[in-house]
RNA sequence: GGAGAAGUGGCCGAGUGGUCGAAGGCACUCCCCUGCUAAGGGAGCAUCCGGUGAUAAACUGGAUCAAGGGUUCGAAUCCCUUCUUCUCCGCCA
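Numbering (my numbering), first residue to last: 971 to 1401.
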């Protein structure tokens, strides 16, 4: 959520910056609402102040045993207008809140301007795609003999789900374990385990609601209330600090969390229908940081580096992209995508997305920190900056390991770094 | 699931209709005193949203005592609903 003050005082500039994302802000409507809000709120508070003063007088008079009829008559005269104002004001405020809640974040100055993914900028390429001396297979064909089973998943649930067996299931588990170990022991993250079902407040906090409800799976309870299946661990983990005032000395907070992620993938019919690339359920190891505002830029770079370290250790060629203004997610101020090389598609595919949200999520969540003189920031609570990124998407990493490590005989070479997690085996072979 | 009890500021904890945003204590910040491992004195110290102002300082209004509704001129205090926590019983991995 943007700062309402920014909208009030710099509406034109905000609209201009939002335009680089392809978003049109209805400034005329906003200004009209704001004018009404200002006069109504001022009037309401004026009436409330009168009522409070008179009520206090009544108390004093009655305490002294004197007649309070005059003051009570005065209050009665205010009543009708005050009640009307107290009904209208919250409606108006809610209406404005609703508008502000659906405005995306402003792009950071360093973000390239552009309207779609063609304007994204590659900033780094790591590793060299392997040259194969046999026809490459995609992960579906490689996995068919190794325990990757889509037909049975369709029977159990439906399309866009997968069943993993034997070495394939172990490889999947090994990848998650490996990532967690690297991030906790080498990058200083604290591992957390969270609920996979969250309430609407949590979804609002990270920006999935109110705009993107159709992307979420919902669970309706007997009493009619509902919970949402998390689309990413970002939601429960970031909401750890919702409504909190964190001690500045405790910053930065760095969490790593392995969870399944559930996405309805509404509107993506026909896209990546084959294989494990786009599933309704997939595992991800997520990195989340809460930091002081002036640190968020460098922390974002560092966090992206932590995700890159996994790809490097697994010897998977990748490239790093900075998303342009028009291609970023709703809450992000700046985003790097990491794309891994998939030989069967002869291209790089997204495997991680690392974003700096600045105060956008923190403002929705009222997640703050209190400075102290030890860190040179005494005084008032201040909004945190939040950063997160995949470190990495486990399912897509599995795909990358299978495709990049495939051999002519249908076996798959296990990356060296992963072997301790695979009982030391060097190759996955048909069992 | 059943029966009871409770939810107050960063923490502990008073407060059962009026001058209470809220005593007292702890923690924290500043000042003074003292001087050696610890103590004494004084002051300050909630958050959110408004108004005037320079998106400053300052002044000022409103809201907030789990959340939402209600009664009342006036609610932390009374009533209703919900949530959470604790104790006992039941059930369960």
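Virtual Cβ for every residue (Gly too), placed ideally from N, Cα, C.
Item: Excluding the 5 residues flanking residue 1212 on each side, which residues of the same chain have their C-beta closer than 8 Å to its C-beta?; Value: 1171, 1172, 1175, 1335, 1336, 1337
Item: Under DSSP, the alpha helix (DSSP H) around residue 1138 begins and ends at which residues?; Value: 1136-1155
Item: Tell me whether the beta-carbon of residue 1167 lies closer than 9 Å to the beta-carbon of residue 1200.; Value: yes
Item: Between which two residues does the alpha helix (DSSP H) carrying residue 1373 extend?; Value: 1364-1374
Item: Take the Cβ of residue 1015 as the centre, count every other Cβ of all protein chains shown within 10 Å, and call the residue buried at 16 or more, exposed below.; Value: exposed
Item: Within 10 angstroms of the Cβ of residue 976, are there 16 or more other Cβ atoms? Answer buried if so, exposed if not.; Value: exposed
Item: Is it right to say residue 1388 is buried, meaning 16 or more other beta carbons lie within 10 angstroms of its own, or is it exposed?; Value: buried
Item: Would you mind sorting residue 1318 into buried or exposed? The rule is 16 or more other CB atoms within 10 Å of its CB.; Value: buried
Item: For residue 1198, count the other beta carbons within 10 Å of its own beta carbon; 16 or more makes it buried, fewer makes it exposed. Which is it?; Value: buried
Item: Note down, in chain order, each residue of its chain lying with its Cβ closer than 8 Å to the Cβ of residue 1244, except the 5 sequence neighbours on either side.; Value: 1108, 1110
Item: Drop a sphere of 10 angstroms on the beta-carbon of residue 1233, count the other beta-carbons inside from all chains shown, and report buried for 16 or more, exposed for fewer.; Value: buried
Item: Comparing alpha-carbon positions, which option in 1214, 1241, 1030, 1251 lies nearest residue 1230?; Value: 1251
Item: Is residue 1066 helix, strand or coil when you go by DSSP?; Value: helix
Item: Quick check: the Cα distance between residue 1346 and residue 1078, rounded to an integer number of angstroms?; Value: With a pLDDT of only 46 at residue 1346, under the threshold of 50, the placement of this residue in the model should not be trusted, and no figure is reported.
Item: Can you list the beta strand (DSSP E) stretches of 3 or more residues lying completely in the stretch 1271-1311, in chain order?; Value: 1288-1292
Item: Helix, strand or coil for residue 1017 per DSSP?; Value: helix
Item: Should residue 1278 go down as buried or exposed, given a rule of 16 or more other Cβ atoms within 10 Å for buried?; Value: buried
Item: How many angstroms separate the CA atom of residue 1254 from the CA atom of residue 1391?; Value: 17 Å
Item: Taking the alpha-carbon positions, what's the residue 1241 to residue 1247 distance?; Value: 10 Å
Item: Work out the CA separation of residue 1297 and residue 1307 for me, nearest whole Å.; Value: 11 Å
Item: May I have the straight-line CA-CA distance separating residue 1275 from residue 1112, to the nearest angstrom?; Value: 30 Å
Item: Is it right to say residue 1323 is buried, meaning 16 or more other beta carbons lie within 10 angstroms of its own, or is it exposed?; Value: buried
Item: With distance defined between alpha-carbon atoms, name the residue in 1375, 1303, 1157, 1361 nearest to residue 972.; Value: 1303
Item: Within its chain, find whatever has a CB closer than 6 Å to the CB of residue 1133; leave out the 5 residues flanking it on each side and keep chain order.; Value: 1119, 1122, 1123
Item: With three or more beta-carbon pairs closer than 8 Å as the criterion, would you say the stretch 1066-1075 touches the stretch 1277-1292?; Value: no
Item: Can you tell me where the beta strand (DSSP E) with residue 1252 in it begins and where it stops?; Value: 1251-1261
Item: Between residue 1370 and residue 1311, is the Cβ-Cβ spacing less than 9 Å?; Value: yes
Item: With a threshold of 8 Å, are at least 3 pairs of Cβ atoms found where one atom belongs to the stretch 1054-1071 and the other to the stretch 1264-1275?; Value: no
Item: Which runs of the beta strand (DSSP E), 3 residues or longer, sit entirely within the stretch 1168-1193?; Value: 1188-1190
Item: Residue 978 and residue 1004 - do their beta-carbons sit closer together than 9 Å?; Value: yes
Item: In whole angstroms, what is the alpha-carbon distance linking residue 1087 and residue 1022?; Value: 57 Å
Item: With distances taken between CB atoms, is the gap from residue 1095 to residue 1313 smaller than 9 Å?; Value: no
Item: Give the straight-line distance between the Cα atoms of residue 1344 and residue 1214, rounded to the nearest whole angstrom.; Value: Summary for residue 1344: the model assigns pLDDT 47, below 50, so the residue's position carries little reliability, and this model does not support an answer.
Item: Buried or exposed: where does residue 1030 fall if 16 or more other Cβ atoms within 10 Å of its Cβ makes it buried?; Value: exposed
Item: Got a sec? Which residues, its chain only, sit under 6 Å from residue 1024 by beta carbon, not counting five neighbours each side?; Value: 1041, 1044, 1045
Item: Beta carbon of residue 1257, beta carbon of residue 1374: below 9 Å?; Value: no
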